[in-house]
Every structure is written in C-alpha cells, then in structure tokens.
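The listed protein sequences derive, respectively, from chains A and B. Under my numbering, the first sequence has 395 at position 373, and the numbering climbs by one with no breaks. Under my numbering, the second sequence has 382 at position 38, and the numbering climbs by one with no breaks. For glycine and all other residues, C-beta sits at the position ideal for the given N, C-alpha and C.
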Amino acid sequence: MEIGTLFANLALGVSVAISPQNILWCLAGAVIGTAVGVLPGLGPVATMALLLPVTYLLPPEGALIMLAGIYYGAQYGGSTTAILVNLPGESSSVVTCLDGHQMARQGRAGPALAIAALGSFFAGCVATLAIAVAAPPLTALAQQFRPEDYFSLMVLGLVFAVVLASGSVLKAIGMVFLGMLLGLVGTDVNTGNTRYTFGIGDLFDGIGFVPVAMGVFGIAEIIANLTSGERRDLMSSRVTGLMPTRDDIRRSVAPVLRGTFLGGLLGILPGGGAVLASFSAYTLEKRISPTPAKFGTGMIEGVAAPESANNAAAQTSFIPMLTLGIPSNAVMAMMIGGMMIHGIVPGPQVMEQRPGLFWGMIVSMWIGNLMLVVLNLPLIGLWVRLLLVPYRLLAIAILFFCCIGVYSLNNSGNEVLIIGAFGLFGYLLMKLGCEPAPLLLGFLLGPMMEVYMRRAMLLSRGDAWVFLTRPLSLAFLLAAALLLLLVVAPTVRRMRETALREAD
Amino acid sequence: MRLKSGQDLATGLLFIAIGVAALLIGADYPLGTAQRPGTGVLPRILAWCLIGTGALVWLKALLTDGPRIGGVAWRPAIMVTLAVAAFALTIDRFGLVVAMLAAMTLTALGTPETRWREYFLFAAIMLAIGIGLFRYGLGMPISVLPREIADLPWGLPWR
C-alpha cells in the first residue's frame with residue numbers, strides 16, 4: 023500500500039481517537055483492563071462481558087475503544103501480579119512468573135516491571151502499525167470472498183480454536199458443535215420457524231451472546247474461585263528503583279524484538295492470541311539462549327520476551343476480526359458482540375463504511391499503550407493494594423455487576439436467569455475438563471455459518487460441491503483438514519500437550 | 345472392564361445426551377431442498393456430529409487413562425446459582441435493594457470464609473454504588489424499593 027494513503031488513514035484515526043471523549047474512554051478501558059489484569063480470577067473476557075451493556079450507552083467509537091483498551095490493558099496488569107505475587111493475574115502472564123518473580127525476590131522487582139511495561143509498549147506500537155499496514159490489503163482480499171469462502175474460512179477458524187484450546191482436542195471439537203447448536207436456538211431468520219425454544223417466548227429471539235458469555239466466563243469463574251482458598255505471597259518489599267540497569271536494557275533488546283515478531287505473527291492466527299504467544303516466546307528465548315539452565319532464576323530475557331509477545335498478539339488478533347469479521351478468540355468474540363450491539367456488522371465493509379471508527383480504534387490502541395506505560399509505572403503501588411481485596415468480597419461485587427449488567431440489556435429478569443443457568447453449566451464443563459472458549463466461538467459462528475451455507479447453496483443451485491470446487495474455499499478446507507491431522511499426529515500432539523500444560 | 349477416566353466418560357455421555365435430545369426435539373424441523381436448505385439441516389448435522397464426538401470421547405475413556413472428576417464444590421455452586429436466580433426473580437417485583445441484598449447475601453453464604461461484620465459493611469457500600477450508579481447515574485428504569493413501600497407518601501423519591 024502507498025505510504026501516503028497509510029498516513030491519510032492514520033491521520034483520520036488520530037482525529038477520531040484524540041477527541042476528549044474518546045481519550046477518556048480509552049483511558050477508562052486501559053485502567054479497567056489493568057485492574058482486572060492485576061486481579062487473578064477476573065479476566066478480560068468476563069470484564070468485557072460485564073461492560074458490554076454499559077457500552078450500549080456510549081457512541082460506537084467510544085464503546086469499541088474502551089473494550090479494546092480492556093484487552094491490552096489486562097496484558098500490562100497481568101505482568102504486575104505475576105512479578106510481585108507469583109500468581110498469573112492473567113493467563114497470558116503465566117510464564118512471566120517464572121523469571122519475573124525470581125527477580126522480585128532478588129529485590130529487582132522494579133527493573134522487571136519496567137522492562138515488562140517498556141517491552142509491551144514497544145510491541146504495542148509495532149503491532150498497531152502492523153494492523154494499519156495489513157488491514158487494507160486483507161480487506162480488499164476479503165471483498166472477493168464468496169459465501170462458500172466465508173463458510174470454509176469459518177470452518178478453518180473453528181479448527182484453529184480447537185487445535186489451540188488446552189486440554190483434549192476431542193472435547194474442544196464437541197464444545198464447538200455444542201456451541202453451534204446453542205447458537206441455533208430461536209427463530210430461524212430464513213424460514214421463520216422456531217428451533218429449540220420449547221414454546222418459551224423469551225427464547226424466540228435466541229439466547230443472547232452476553233448472558234452466555236457472562237455465565238460461562240463470569241459466574242462459573244466465581245464458583246470455581248470461591249472453592250479454592252487462595253494464598254497470596256505478596257512481595258510486600260517496596261518496589262524500589264524502577265530504572266533498569268544498562269545491562270538489563272542491553273540484554274532485553276533482542277528478546278523484545280523477537281517476542282514482538284513472534285507474538286504478532288501468532289496473534290493473527292485464528293484461535294491464537296496472547297496466551298500462546300507469551301508461552302512460545304519464552305520457549306524460543308530459552309532455546310536460543312547460551313545459558314538455558316539459568317532460565318527460571320531471574321533472567322530478564324524471560325520477562326522481556328513473553329511480555330512483548332503477549333501484547334503484540336493481543337493487538338494483532340484484531341486483524342482477522344477487523345478485516346474478515348471473524349473472531350479468533352473469546353475476546354474478539356466479545357468485540358464482535360460490542361459491534362453488533364451498535365448495529366455494526368463486523369466484516370470487510372466496516373473499513374469502507376465507517377473509516378472513522380476503524381482507524382480511530384487502531385490509533386486509540388497506540389494512545390492507550392502510551393497511557394498504560396505512563397500510568398502504570400508510577401501507580402504500581404496502587405495496583406498492588408488492589409490485590410489486598412479478598413476474593414470473598416470481590417465475588418460479591420462481580421456477581422452483582424454480572425446480574426445488573428444483563429438486566430440492563432432488556433430490563434428482563436428472565437435473561438438474568440439465563441446467566442445463572444449458564445454459570446452452573448460452565449462450572450460443570452470446567453469439572454469435565456472442557457474449555458468454554460470453543461463453545462463461545464461456535465455459538466457466535468454457528469448462525470453466521472448457516473447463513474453463508476444457505477447463500478452458497480442457493481447460488482450454486484443446490485450443488486454442495488461448490489465448497490470444494492471454488493479454489494479459495496478448497497484451500498481453507500484443506501488447511502483445516504491438514505491442521506486437524508497434524509494435531510492427531512502423535513509427535514505434534516505431545517509437544518502441544520507439554521506446551522499447554524505449562525501454560526495452564 | 346474398568347472405566348479409567350470419569351471426566352471423559354461423563355463428557356461423552358453429556359455430548360451424546362444433548363445430541364440425541366437435539367435430534368428428537370428437532371425431528372420435525374423441515375429439511376427443505378438442496379437449493380434452499382430448511383430449518384432442520386444444520387441442527388441434524390450438528391446433533392450427529394455431537395453424538396459422534398461423544399462416542400469418540402467415550403471410546404477414549406474406555407481405552408486410556410484420564411483425570412477423574414475432581415471434588416465438586418457444591419456449596420458455592422448452589423449458592424452462587426441461587427444468588428443469580430434470586431436477583432432475577434426479585435428485581436422486577438421488589439426493586440434493587442431487595443434483589444441486591446438477596447444476591448449478595450446468598451453469595452456470601454457460598455463460602456465459609458465470609459466474615460459477617462466485614463460483609464455488612466461491604467454490602468452497604470455496594471448498595472450505595474449500585475443505586476447511585478445504575479438508578480441515578482445511568483438512569484436505568486428500576487425501582488429502588490418494593491412497590492408497596494415506594495407507593496407510600498414518603499417513598500416517592502425512591503420509585
């Protein structure tokens with residue numbers, strides 16, 4: 023793409039993102055994101071689900087800017103808890119615990135936090151630019167897509183979600199099917215027939231995405247966390263001196279660069295995201311280090327690389343969502359939910375029809391990253407104090423916000439009942455070792471796939487071979503099949519298991 | 345034969361049961377034509393896929409070791425679900441104060457770690473935030489107190 027167009031686009035984005043209101047929403051998102059990132063047991067998915075109803079009251083730009091801020095803000099917050107408490111505040115900062123907490127024990131919490139924040143900032147800047155560069159050509163490509171291509175691409179997306187889910191592949195596949203079935207509940211838009219409504223009027227419009235997400239991510243999480251009496255080994259020793267030494271910086275430069283690149287790449291994959299990225303980056307650093315045995319004893323490389331990677335991935339995972347309208351993970355599913363609340367159908371047309379929204383959001387990510395660096399380092403003492411709030415009280419607050427949030431959608435008590443039911447169901451799934459993320463993706467993609475399937479069949483006059491004869495569609499399906507085969511192959515499977523076990 | 349993995353066994357059963365139920369309930373959903381697939385096409389495909397997956401999970405449970413189902417935390421599971429249900433069923437009829445107190449107290453009953461003095465202080469703060477933010481801040485059309493009380497002359501400002 024031409025540099026001139028890129029600058030014009032970014033300039034448009036700046037003009038939207040820099041309006042006082044949007045700056046405020048960006049700040050709100052970043053701060054809320056950091057807070058939930060710091061708190062173990064409350065993740066960005068649940069928080070975004072909580073705030074979806076509130077975003078209804080905002081203009082769409084502000085709403086999406088705030089929701090995006092929660093995601094990358096959580097990546098910053100997660101590292102604080104990992105380093106100071108040895109608990110992953112966020113699942114994407116699991117590996118940061120390994121060396122980050124060791125550094126804290128040696129009295130070097132300050133440099134660890136600083137490198138984590140600066141690495142994240144650098145990764146955020148690069149990834150934002152990557153989105154700006156990659157989005158237009160991808161969008162142009164997406165406009166050539168026919169219904170069968172979309173259908174097959176979604177199949178590929180779901181396969182990615184299955185492959186990258188931790189735990190059993192079979193169960194993840196089952197969760198996708200189950201999610202798709204749940205997504206079909208309600209009135210069939212093409213024929214007007216109702217499906218699986220049991221004659222209950224509240225189900226005619228289908229089960230809402232927000233109640234399901236809040237149930238399986240919010241309420242189920244509360245049940246699970248109330249069970250485990252957690253201990254927090256807080257490094258109460260004052261965080262003295264944030265400045266990393268010159269040696270720290272010298273050693274961090276290359277890991278940050280590698281982490282950013284790897285994370286950015288893995289973030290684009292459907293089903294990928296921050297968790298996978300941070301883990302892969304840590305493994306890579308360990309593998310190429312001349313002293314791999316020293317990892318786990320407080321190596322700054324072990325903080326710099328995964329923290330850059332998770333932030334880069336958090337950003338680039340917006341690419342498939344923004345250009346194709348396909349969510350690559352649960353957080354992006356939430357972003358799509360946010361867009362749909364405002365009547366924006368995600369997909370390639372967003373960039374053309376609402377350039378202000380599109381570019382404003384991208385630029386706001388850069389602004390948000392800047393705010394996070396500026397705000398977080400001085401405020402670390404405040405975030406640490408947040409960790410002193412016991413979960414028994416946090417649970418009460420989260421539960422109330424879930425209930426009132428869903429109630430505010432339609433002022434309907436019955437929808438609140440749905441989150442109760444899905445909360446219990448989500449807890450059951452947890453106990454069975456089934457991950458809820460593929461379920462949520464299936465839930466969201468199922469109805470979309472039905473629409474594209476029908477369109478494809480109509481255009482091909484009932485010829486189902488169209489999915490295999492059209493080259494793009496065939497390519498997606500082949501990629502999906504290959505991916506599934508790879509996972510089933512034993513060596514890849516073993517590697518994946520060890521990789522994801524440590525990430526759990 | 346000994347079943348080696350309780351988790352997988354139960355998951356397989358769950359998938360198969362839901363799949364069969366989806367087939368039975370959806371038995372009369374029309375299939376339409378190839379050119380215009382009807383309401384029943386995708387549900388049937390998905391139900392069979394789910395049953396198939398469930399059978400494979402079951403097979404795996406029979407053949408390989410796997411984790412058991414860990415202890416179920418009945419107390420939080422029941423109490424948290426009841427808390428949500430209580431909120432859902434009281435909010436329309438009795439207003440925010442009753443619904444919040446019911447939901448919060450039931451949640452607090454869900455863990456043995458609750459310290460009641462601390463809880464009441466926290467509940468009071470939450471009530472203030474809840475009413476202040478949602479009723480007055482965001483202007484949601486919820487009554488704060490039950491209708492009977494709100495209908496009394498001095499209750500008017502709380503409607």
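Contact note: glycine 382 of chain B reaches chain A through Asp210, Asn212, Thr213 and Asn215, using a C-beta cutoff of 9 Å and chain order. With respect to chain A, the C-beta atom of proline 490 of chain B has no partner C-beta closer than 7 Å.
For arginine 268 of chain A, the three-state secondary structure derived from DSSP is helix. Out of A:Gln337, A:Pro314, A:Ala52 and A:Phe465, the CA that lies nearest to the CA of phenylalanine 283 of chain A is found in A:Gln337. When 7 Å is used as the limit between beta carbons, tyrosine 373 of chain B is near these residues of chain A: Asn215 and Arg217, in chain order.
Within chain B, the C-beta atoms nearer than 7 Å to that of methionine 202 of chain A come from Leu390, in chain order.
Scanning A:Ile241, A:Cys119, A:Gln43 and A:Leu204 for the CA closest to the CA of glycine 448 of chain A turns up A:Ile241. In this structure, the CA atom of valine 325 of chain A is about 8 Å from the CA atom of cysteine 119 of chain A. Around glycine 474 of chain B, the beta-carbon contacts reaching into chain A at under 8 Å are Phe422 and Ile426.
A Cβ-Cβ contact shorter than 7 Å links isoleucine 245 of chain A with proline 420 of chain B.
Listed by position along chain A, the residues whose Cβ is nearer than 7 Å to that of threonine 377 of chain B are Gly484.
The Cβ of valine 364 of chain B sits no closer than 7 Å to any Cβ of chain A. Taking a C-beta distance under 7 Å as the contact criterion, leucine 32 of chain A and alanine 427 of chain B do not qualify as a contact pair. Out of A:Tyr474, A:Ile363 and A:Leu409, the CA that lies nearest to the CA of leucine 80 of chain A is found in A:Ile363. In the DSSP assignment, the residues bridged to proline 381 of chain B are B:Gly376. For a Cβ distance threshold of 7 Å, residue set Ala421 of chain B lies close to tyrosine 449 of chain A, ordered along the chain. Runs of the beta strand (DSSP E) lying entirely within the region 266-352 of chain A, each at least 3 residues long, are absent. Our two residues, glycine 286 of chain A and leucine 248 of chain A, have alpha carbons roughly 35 Å apart in a direct line. Here alanine 39 of chain A has Gly382, Val385, Ser386 and Ile389 as same chain residues with Cβ atoms under 6 Å from its own Cβ, once five neighbours each way along the sequence are excluded.
For lysine 453 of chain A, the chain B residues whose C-beta falls within less than 8 Å of its own C-beta are Gln351, Ile413, Gly414 and Val416, listed in chain order. Here valine 416 of chain B is exposed: its Cβ has fewer than 16 other Cβ atoms, across all protein chains shown, within 10 Å.
Taking the beta carbon of methionine 176 of chain A as reference, no residue of chain B falls within 7 Å; the closest one sits roughly 13 Å away. Less than 7 Å divides the Cβ of proline 458 of chain A from the Cβ of leucine 451 of chain A. Less than 7 Å divides the Cβ of threonine 397 of chain B from the Cβ of glycine 196 of chain A.
Cβ neighbours of histidine 123 of chain A within its own chain (closer than 8 Å, five residues either side excluded): Ala104, Ile105, Leu106, Val107, Asn108 and Met257. With respect to the 7 Å criterion, glutamine 97 of chain A and asparagine 333 of chain A are classified as neighbours on the basis of their beta carbons.
The three-state secondary structure of arginine 459 of chain B, taken from DSSP, is coil.
Using a 10 angstroms sphere on the CB of leucine 368 of chain B, the tally of other CB atoms stays under 16, which defines it as exposed.
At least 7 Å separates the CB of leucine 471 of chain B from every CB of chain A. Residues of the region 428-453 of chain B with a C-beta less than 7 Å from any C-beta of chain A: Val428, Ala429, Phe431, Ala432, Leu433, Ile435, Asp436, Met444, Ala447, Met448, Thr451 and Ala452, listed in chain order. Beta-carbon to beta-carbon, methionine 70 of chain A and isoleucine 92 of chain A are separated by about 6 Å, close enough to satisfy the 8 Å threshold.
What alanine 417 of chain A touches in chain B, judged by beta-carbon distance under 9 Å, is Pro420, Val424, Thr451, Ala452, Gly454 and Thr455, going in chain order.
Chain-order list of chain A residues neighbouring glycine 398 of chain B: Gly196, by C-beta distance under 8 Å.
Arginine 491 of chain B carries a helical assignment under DSSP once its states are collapsed to helix, strand and coil.
Arginine 217 of chain A carries a strand assignment under DSSP once its states are collapsed to helix, strand and coil. Beta-bridge annotation (DSSP): glycine 208 of chain A is paired with A:Arg217.
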